[in-house]
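Scroll down for the structure; my scribbles are underneath it.
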Amino acid sequence: MRSNPRAKGSEKKERLCACPYCDTNLSKPFPFCKACGKEIRFCKSCGQVLAAEARVCPGCGTQVG
């Protein structure tokens, strides 16, 4: 099988994540969920979505305030 040369590198890589409040899929790291309106927190170290009550990032272990 031949691979599609346009499929690699030509598309912007968008990290999919889910709102920790309403579980709506988000295609970009927005500051607020478009579905429920709540603020979305991200780890400053690795970019992982953080639950509202998170004190430690589940992705990299960094302590978050």
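Quick note on this note's numbering: the sequence shown kicks off at 1002 and runs consecutively. Quick reminder that beta carbons are idealized off the backbone N, C-alpha and C, glycines included. The structure displayed is predicted, hence computed values, not measured ones.
Q) With DSSP run on the structure shown, which of helix, strand or coil describes Cys1018? A) strand
Q: Using only alpha-carbon positions, find the residue among Thr1063, Ala1055 and Cys1061 that is nearest to Pro1021.
A: The shortest Cα separation from Pro1021 among Thr1063, Ala1055 and Cys1061 belongs to Ala1055.
Q: Starting from the Cα of Cys1047, find the closest Cα among Gly1038, Pro1032 and Gly1060 and give me that residue.
A: Gly1060
**Q.** Three-state class that DSSP yields for Arg1056 in the structure shown
**A.** coil
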